[in-house]
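This report concerns only the one structure given below.
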């Protein structure tokens, strides 16, 4: 019986996952973007890469059945089930202290990049930089002309996505603390989310 | 008087550039993709980031007047002139030894990732990983549904793009040695290209 692990609001959480296990990521409150990273367990220099994934699946967003690839072009996760409308993002950087500075913040603002580092550090890992994340539930539509916009997530409370581990890995999540743009819904209130490790 | 510097076919070349100088990148033979990176001169941990750029300019491809941003969200280059049709790519990873393995290569194949490392090493710099490149002249169209395809460049021989340095930086180029997909034109023959540093 799997148990539910909380990703607290505005925070990160990392967890070891064995090859063949799956991670069920639940959008508990429905509008919460969850930045997602995956690292190869025995080599943090190899990690899930959005630019390698797009080149391999030739899509902007992975759909059920699609695999995510590492910077060494190895399968690391496969999206095996998705009860959301399937709108996720592979295009945008994780928010960071600099991003909030550009948005006008003068004090420290929680951010996904620092959340990733803290979550990995809690497991004893130090990372050198922030890879481009898989932004689960994030809604960044594009036009045929190539314009992007920030829109509210389309996922409803309790909807989930399941990612199967293709090798031993460390999964890391951050519940995006963005409250200055409507990426976490029109009310712009970041919430917690949950995940389960399935055998 | 600026002089022309060759980026040999299938190879990389890096060069120091001062704030305010511009780099004129010439597609000498017209169909050659040139993977492009830029690093902050006094801190290689800060570099041009496609994911940060897309988030800031809210576009898939920068146009004349648009600025490219670092992973710390600082302006690093501005596209000030472009005599090509303006088709470049920010979505795909640099090719690497793993990519050619997936395409069926059993021997070593020249690749942009190794070219970047070698070009930086020739200036005395060691890099820790390959950031997502700005793929100048590369033609990767998207559909409204989010499908990507590999198409021939639209640039003609002698057409060029000018990038202005917003801070002291190291620019690195690789003439993409891809000869298994038509990213360098239908004839799939990688060629050299040239650049000039303008005062």
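Residue numbers (my numbering), protein chains in the order written: chain C, 100 to 298; chain Y, 100 to 298. Every residue gets a Cβ at the ideal spot worked out from N, C-alpha and C, and that includes glycine.
Original post:
Start and end of the beta strand (DSSP E) containing residue 260 of chain Y?
Top reply: Residue 260 of chain Y -> beta strand (DSSP E) spans 258-264.
Original post:
Shorter than 7 Å from the beta carbon of residue 271 of chain C to some beta carbon of chain Y?
Top reply: No, residue 271 of chain C does not count as interfacial toward chain Y.
Original post:
How would you label residue 207 of chain C, buried or exposed, when you count the other beta carbons within 10 angstroms and need 16 or more for buried?
Top reply: Taking all protein chains shown into account, residue 207 of chain C has fewer than 16 neighbouring C-beta atoms within 10 Å of its C-beta and is therefore exposed.
**OP:** Could you tell me whether the Cβ atoms of residue 226 of chain Y and residue 121 of chain Y are closer together than 7 Å?
**Re:** No.
Subject >> Own chain partners of residue 280 of chain Y with C-beta closer than 8 Å, once the 5 adjacent residues on each side are dropped >> reply: Cβ-Cβ distances below 8 Å link residue 280 of chain Y to 202, 249, 287 in the same chain, with the five nearest sequence neighbours on each side left out; the list follows chain order.
Original post:
Counting Cβ pairs, one atom from each stretch, are 3 or more of them under 8 Å apart for the segment 265-273 of chain Y and the segment 136-154 of chain Y?
Top reply: They touch, by the three-pair rule.
Original post:
Under 7 Å Cβ-Cβ, which residues of chain A neighbour residue 208 of chain Y?
Top reply: Looking at the structure shown, chain A is missing, and the protein chains on hand are C and Y.
Original post:
DSSP on residue 220 of chain Y, reduced to helix/strand/coil?
Top reply: Residue state for residue 220 of chain Y is assigned as helix, using DSSP reduced to three classes.
Original post:
Once you ignore the five residues that flank residue 184 of chain Y on each side, which residues in its own chain have a CB closer than 8 Å to its CB?
Top reply: Answer for residue 184 of chain Y: 253, 254, listed in chain order.
Original post:
If you draw a straight line from the alpha carbon of residue 242 of chain C to that of residue 161 of chain Y, how long is it in whole angstroms?
Top reply: Pairing residue 242 of chain C with residue 161 of chain Y, the inter-Cα distance amounts to about 14 Å.
Subject >> Three-state secondary structure assigned by DSSP to residue 202 of chain Y >> reply: The three-state reading of DSSP puts residue 202 of chain Y in coil, since its state is none of H, G, I, E or B.
**OP:** Can you pull the chain Y residues whose beta carbon is under 8 Å from the beta carbon of residue 245 of chain C, in chain order?
**Re:** What residue 245 of chain C touches in chain Y: 158, 159, 160, 241.
**OP:** Say whether chain Y places a C-beta atom closer than 7 Å to the C-beta of residue 227 of chain C.
**Re:** For residue 227 of chain C, the answer is yes, since a Cβ of chain Y falls inside 7 Å of its Cβ.
Subject >> CB-CB length for residue 292 of chain C against residue 125 of chain C, believed under 8 Å >> reply: Their Cβ separation, rounded to whole angstroms, is 6 Å, which keeps residue 292 of chain C and residue 125 of chain C in contact under 8 Å.
**OP:** With a threshold of 16 other CB atoms inside 10 Å of the CB of residue 103 of chain Y, please say whether the residue is buried or exposed.
**Re:** Classified as exposed, residue 103 of chain Y has fewer than 16 neighbouring CB atoms from the shown chains inside 10 Å of its CB.
Original post:
Skipping 5 residues on each side, what residues in its chain have a beta carbon closer than 8 Å to that of residue 187 of chain C?
Top reply: The answer, listed in chain order, is 160, 161, 233, 234, 235, 236, 237, 260.
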